[in-house]
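Below is one structure, written out as structure tokens; the observations come after it.
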Amino acid sequence: MTNEPEWAELLRQLALNDERAVAAVVTPVGGETVELAETCQSLLRIAVLIASDSAATSYQWAVSQARAAGVSDQEIVETLRVVAPIVGSARVAVAARPLAAALGYEVDALDE
Amino acid sequence: VAAEKKTALPASTAESPFESKLHPPPLRSSIIPRVALVDRLHYATDVPITSVVAPAGYGKTTLLSEWAHRDGTRIAWLSIDRHDNDLNQFVAYAAAALDRLEPIDPSIVGPQTRRQSVATAAARMVAAMASMTDGVTLVLDHVEALENQECLDTVAELALHLPPGARLALAARADPPLPIPRLRARGEIVEIGVDDLALDKEQSLRLLIEAGIEAADRTVDAVIERSEGWPVGLYLAALALKTGGTGAAASISFSGDDRLVAEYLRSELLEHLSDDEVRFLTRASVLERLSGPLCDAVLETTGSTDVLGSLSHANLLLIALDRRGEWYRYHHLFRDLLRAELERREPERVPALHVRASDWYDEHGLPELAIDHAGEGGDADRMNRLMLTSGGALYARGRARSILGWLGWFDDRGLVEEYPALGVLGALLFSGSSHVGDVERWAAAVERPSQASALSTERAQRAALDRILPDGSTLGAWLAVMRLALVPEGVEAMLDDAKIAQQGLGATSEARAAALGFEGLGRFAAGEFERADALFARTYSVAIDSLRIPAALIAAGMRGLLALRRNDWAAANERRREALELIETWALEDYAESAPSFVLAARVAIHEGASDTAAEFLGRAARLRPLLHYGRPHSSVATLLELGRAYTDLGDVAGAREVIRQARGVLQQRPNLGTLPAEVDGLAAHLDTMHAGAVGASSLTTAELRLVPYLPTHLTFREIAQRLHVSHNTAKTQAISIYQKLGVSSRSAAVDRLRVLALLDG
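The listed protein sequences correspond, in order, to chains A and B.
Start counting the first sequence at 1385; every next residue gets the next number (this note's numbering).
Start counting the second sequence at 133; every next residue gets the next number (this note's numbering).
The following block contains the structure:
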């Protein structure tokens, strides 16, 4: 196979849990990769945070990045709707709170 | 303008009761000396904090006063009263107290106009104390009168950061506002309580003898036993015995129960005084401080100076506050009792007494006390008049808290609808503060009666709007000025309102300059830049002439931003110089009106390639972002837009986007702002063509910026959350976000970084 796309090799290495490949992915250096649009990247990051049940501080940072990339708050909240069918409503409900906090809204008004 | 620069410290005149707050009451020979306790204070020089906490009548003031007289010139004294519940006022008095000891550089404490945070206020007081040539002790007496949270936090903050050699002493009836556990753990506090202050048997006997009681009197032992060493109780008993009481003292226990003492005062003390004396004592109890002329006016009598002189001579419960015999006050407990007695005897007289006190203070140029007494006398008309004529000046002097309190007085009584001009005043004053909720509330209160009158005839409505208010303006004109500020109907409607304001405002009305400035902002929003420039030029000269400096400042800043649009850098530079001089001279750096000037200064600096200067002015502008809201949508959006352009010029796309987001938030509330929405969209579209870059301090949200001033204080995040009325979690989340944007991992590192960025006072 000579006409293999560039990323196929990377996928294979990742599937084998190749340490160098994993390091290359988690190290945030652009390198020779094809970049997604900043808005797209930042929304993806938020989607993954929702799916992986992440900590509130991660949302905080991701929202700041998304806003800096020009994503509106409306679009950020839309992510919840988009991923809901895949990750399930329970996870979305859990994610709503830290996401709201990161956006500067208090949804836990009843707590105090 | 500079010649009339406001001084940092309150003026002292013979007629003002304020000077007497700054000195300990003169000592009296008949007082039982507290040698052991004074020694304890005197020699505890390595313990910075002293708290004296006991109920009324235990001699807290006397003890501190004895100490002051012993340590002589190194004690700065401040007697706090309920009028001091305003951070600016409180800091100004504390500074004045220090100044009486040794002149302090006014630039250290800054003018009273300065809006300050708890951290800034405490830092200023610390700096003032540190600047003194020798260790100084600041005594705060009657701290229980302090209720305002900012003032209380400042005292605690000061206690934790006293400079070496300086000391702080507090006297309070209960719960001094100090972080006691922390101070105890650091071994930094001497605590004196009831047990220390109670007189022993020998001292009690001496007090009775000094008060003229025969030691052989058979009731003496019983009196001493029952009083449990409570000095004022003993003293009351002595007075009672002397004036022919039956010695009923022996049959009641005092131990600080106010009800019993009140009963005692009535049956044993007042009963034996002449009617004239009782009337004088009780009626004068409406006053916090007493002078002969003031009592003459309030009691509609003559010769009060002599009465006060002889009373204070014979009676320890009336305390002379100065050696000239001008000002006195009752012992606090005694006043409470007399006040209750007045309510019992002739409650119908109380309002008139307060109203006459209000008159006297008004005539003597003390509007705040005049307004307070008008309120206590229930005279809404008088309060309305005083607030309309001096509210703006008081606000300009940083007395926002007091004004809010007075407006609350009307609100509590459901009177806002009857006094719509006050609602306008409230909305206008708070449109320049971060209390956007208050702006809305007051504006809504004003609209209620106009809705009600929609049911009445058109003629009745006209008559209401044409009513002339105490400042010589029509109500209609005031309402128009409010609409010019809040722009509820969009910029087109502003032109009509500007006409109404011009015709209806009194020749010397406080609102004249503001109305012109708002009209300029309306023209600016409508894209009529030349007319806007001409209006701002006029605003500037009217505002300077009438000393409405904030209005002058916004005019200068906006003219500079207009010059930038024409690429006229020379004119922009000239306006920048003008504006910065005003800010400097009048200490207006924390006012919303300064924001356009800081943005102007930043953009000029960017143009000149002075990146450090630009960064500093951007920081100073960013600090004011929480004040840029839909309470003044035109100036807010115009300023945010230019701030966004400044960030864009520097390639800070993330910062520019955050500012755009804020501007869009304002536009969501006030969409009809002429050409401004299109300009905001245009800048946003331009940013989409740029690379986003890193997120930094310029991306702090307004909520995060509101938390920033609390970071250098001793307050925990839970306490900060309470102050900001948000949940504990929210405050923590915001703090983490601030750390992330600053690239730091601790509160102290954040504070250092914020100082470098000019987001906090260095």
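Yeah, the Cβ is synthetic: ideal placement off N, Cα and C, and Gly gets one too.
If the cut is a Cβ gap below 9 Å, which residues of chain A does residue i touch?
i, result
"Q872(B)", "T1441, Q1444, W1445, S1448"
"V876(B)", "Correct list: empty, because the minimum Cβ distance to chain A is about 14 Å."
"A824(B)", "E1422, T1423, S1426, Q1449, A1452, A1453, G1454"
"V827(B)", "W1445, S1448, Q1449, R1451, A1452"
So, with DSSP's three-state summary, where would you put residue i?
i, result
"S359(B)", "helix"
"R1481(A)", "helix"
"R554(B)", "In the sequence as displayed, the identity of residue 554(B) is Leu instead of Arg. Note: L554(B) maps to helix in three-state DSSP."
"L843(B)", "coil"
"L300(B)", "strand"
"S211(B)", "strand"
"I600(B)", "strand"
"I181(B)", "strand"
"L501(B)", "helix"
"I345(B)", "coil"
"R461(B)", "strand"
"L1463(A)", "Residue identity differs from the one stated: residue 1463(A) is Thr in this sequence, not Leu. Reduced to three states, the DSSP call for T1463(A) is helix."
"Y423(B)", "Here the sequence assigns Ser to residue 423(B), which means Tyr is not the residue at that position. In the structure shown, S423(B) sits in a strand (DSSP, three-state: E or B)."
"G1455(A)", "Checking the displayed sequence, the identity of residue 1455(A) turns out to be Val instead of Gly. DSSP places V1455(A) in coil when its eight states are reduced to three."
"A1421(A)", "coil"
"E1490(A)", "coil"
"L547(B)", "coil"
"V827(B)", "coil"
"E323(B)", "strand"
"D893(B)", "coil"
"V858(B)", "coil"
"V430(B)", "helix"
Kindly list, in the order they appear in chain B, the residues whose Cβ is closer than 7 Å to that of residue i.
i, result
"E1490(A)", "V858, S859, T862"
Residue i versus chain B: which residues are under 8 Å apart at the beta carbon?
i, result
"S1485(A)", "Here residue 1485(A) is Ala; the residue named in the question, Ser, does not match the sequence. Result: N861, T862, T865."
Can you find a CB in chain B that lies within less than 8 Å of the CB of residue i?
i, result
"E1422(A)", "yes"
Between the alpha carbons of residue i and residue j, how many angstroms are there, rounded?
i, j, result
"S678(B)", "R415(B)", "41 Å"
"D1457(A)", "P238(B)", "47 Å"
"S566(B)", "I1470(A)", "43 Å"
"L782(B)", "F749(B)", "13 Å"
"A262(B)", "A208(B)", "13 Å"
"A176(B)", "Y1489(A)", "51 Å"
"D813(B)", "A576(B)", "30 Å"
"D171(B)", "S878(B)", "43 Å"
"S1442(A)", "A301(B)", "46 Å"
"R708(B)", "P682(B)", "15 Å"
"T862(B)", "V840(B)", "14 Å"
"G441(B)", "R411(B)", "17 Å"
"L210(B)", "S197(B)", "11 Å"
"A867(B)", "E836(B)", "7 Å"
"L889(B)", "A754(B)", "10 Å"
"S641(B)", "G604(B)", "7 Å"
"T606(B)", "F650(B)", "18 Å"
Residues of chain A with CB closer than 8 Å to the CB of residue i, please, in chain order.
i, result
"D820(B)", "G1454"
"T780(B)", "Result: empty, since nearest Cβ-Cβ is about 13 Å, beyond 8 Å."
"T833(B)", "G1488"
Within 8 Å (strictly less), CB to CB, does residue i reach chain A?
i, result
"V905(B)", "Nothing about residue 905(B) can be reported from this structure: the residues present for chain B run from 133 to 894 only."
"R793(B)", "yes"
"V785(B)", "yes"
List, in order along the chain, the chain A residues whose C-beta lies closer than 7 Å to that of residue i?
i, result
"R789(B)", "R1451, A1452, G1454"
"I868(B)", "T1441, Q1444"
Worksheet item: What are the complete alpha helix (DSSP H) segments, minimum 4 residues, inside the segment 632-663 of chain B?
Response: Every unbroken stretch of the alpha helix (DSSP H) spanning 4 or more residues and falling wholly within the segment 632-663 of chain B is given here in chain order: 644-657.
Worksheet entry | Short-range partners of chain C found in the segment 1450-1467 of chain A, where Cβ spacing is below 7 Å | Within the model displayed, chain C is absent; protein chains A and B are what it includes.
Practice prompt. Can you check the segment 742-809 of chain B for any alpha helix (DSSP H) of at least 4 residues that lies completely inside it and give the ranges in chain order?
Written response: If we require 4 residues or more, the alpha helix (DSSP H) runs fully inside the segment 742-809 of chain B come out as 743-755, 765-781, 785-801.
Practice prompt. Ignoring anything shorter than 4 residues or poking outside the segment 487-544 of chain B, list the alpha helix (DSSP H) runs there in chain order.
Written response: Runs of alpha helix (DSSP H) with 4 or more residues, each lying fully within the segment 487-544 of chain B, are found at 499-508, 512-528, 532-544, listed in chain order.
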